[in-house]
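Colleague:
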Amino acid sequence: MTDAAAFRVTTVLVLRHDPAIGLGNLGPTLESHGYQIVTVDTPVTDVAALDPLAPDLVVVLGGEEGAYETERYPYLSDELGLLRARIDAEAPVFGVCLGAQLLASALGAAVYRGERKEVGWLEVTPTTAGRTSPLRHFAGIPTAQWHGDTFDLPDDVERLASSERYANQAFRRGDWLLAVQFHPEVTVGIHEGWLAAWGDELPEHGTTSDRMRADRARLGAAAESASALLLGEYLDGLESGRAAA
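Per our numbering, the sequence shown runs over residues 405 to 649.
#1: When you compare each of Leu539, Ser629, Gly534, Arg517 to Asp556 by their alpha carbons, which one comes out closest?
#2: On the premise that Leu454 lies in contact with Leu486, defined as a C-beta separation below 8 Å, what is that separation, rounded to the nearest angstrom?
#3: So, does the region 600-614 touch the region 563-570, judging by three or more C-beta pairs under 8 Å?
#4: I believe Ala630 touches Phe542 by the beta-carbon criterion, under 8 Å. Please report the beta-carbon distance rounded to the nearest angstrom.
#5: Determine contact between the region 524-535 and the region 493-500, defined as no fewer than three beta-carbon pairs at a distance below 8 Å.
#6: Do you know offhand how far Ser481's Cα is from Val523's?
#7: Kindly indicate the opening and closing residues of the alpha helix (DSSP H) around Leu389.
#8: Excluding sequence positions up to five away, which residues of its chain have a Cβ less than 6 Å from the Cβ of Gln440?
#9: Go ahead and pull the three-state DSSP assignment for Ala548.
#10: Write down the C-beta distance between Glu589 and Arg576 rounded to the nearest angstrom, noting that I regard them as a contact closer than 8 Å.
#11: From Arg646 to Pro607, what does the alpha carbon distance come to, in whole angstroms?
#12: Measure the C-alpha to C-alpha separation of Glu483 and Thr612 and round it to an integer number of angstroms.
#13: Write down every uninterrupted run of the beta strand (DSSP E) in the region 463-527 whose length is 3 residues or greater and which is fully enclosed by it, in chain order.
#14: What is the DSSP secondary structure of Phe542, counted as helix, strand or coil?
#15: Hey, Gly428 and Arg420 are a contact pair by Cβ (cut 8 Å); roughly how many whole angstroms apart?
#16: With respect to the alpha helix (DSSP H) encompassing Glu643, which residues constitute its N-terminal and C-terminal limits?
#17: Using 10 angstroms around the beta-carbon of Arg490, count the other beta-carbons present and answer buried if the total reaches 16, otherwise exposed.
#18: Here's the rule: buried if 16 or more other CB atoms are within 10 angstroms of the residue's CB, otherwise exposed. What is Ala649?
#19: Quick one: Cα of Asp422 to Cα of Val448, how far?
#20: Is Pro558 closer than 9 Å to Asp619 when the C-beta atoms are compared?
#21: Per DSSP, Ser566 is paired with what?
#22: Tell whether a beta-carbon distance below 9 Å holds between Ala574 and Val528.
#23: Just mark Leu457 as buried or exposed, buried being the case when its beta carbon has 16 or more other beta carbons within 10 Å.
#24: For Phe555, list the residues DSSP reports as bridge partners.
In structure tokens:
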């Protein structure tokens, strides 16, 4: 390793749509892999002015917006432009929930309202490809779901996981693009914030705040461990790719 490489700063740009839907437990894993985290709030940031290829990694978080609501939320168009530029360059990007939907849209797939919201602590099942991917760490581990939109599987990606309600829970392209529909970032603080903000809607989706809280107490530690393993394995793959290059 050259002296320049030894002191090179590795950066991750985090695109956040709502402070209540933050990086959560993904942050410590990024930091432990040497990433300097730069978070921008896309509703109040000129995303079009950002250099899409400057960060080593882009993480796109969740939000209440629909990836197709670009007229209502014009900043989503700028995010899609940034993601398309990274896709064209095969530059690493990781998407969570809305982030996964934006990646699907940037790859040319349709994103739309699902038949029913998927809310609760639910299992995702790795596909054959998923069992040899970072998604293997969530086999048999319930994780937080809270979404109403879904998407068609883009061309030239691998489906990595499905749930009982939605087939497309995770996908990847190569080792550089990874997208998950569920919420691996959830901490107890994030979870409590969501219950305070949106708990009133839970009975119509077959659960309650009390049930969600009890499930989080019972299942959250295992989900956080699986999250660290998933993201860590993905980051290890990026690091191996950079070393080979």
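C-beta: ideal position from N, C-alpha, C; glycine also.
Modeller: Concretely, from the data shown:
#1: Arg517
#2: 6 Å
#3: no
#4: 5 Å
#5: no
#6: 27 Å
#7: The shown model of the chain, from 405 to 649, leaves out residue 389, and the question about it has no answer.
#8: Val413, Thr415
#9: strand
#10: Not confirmed; about 18 Å, so no contact.
#11: 47 Å
#12: 34 Å
#13: 497-500, 515-526
#14: helix
#15: Not really, about 11 Å apart at Cβ, beyond 8 Å.
#16: 613-648
#17: buried
#18: exposed
#19: 11 Å
#20: no
#21: Thr529
#22: yes
#23: exposed
#24: Val515
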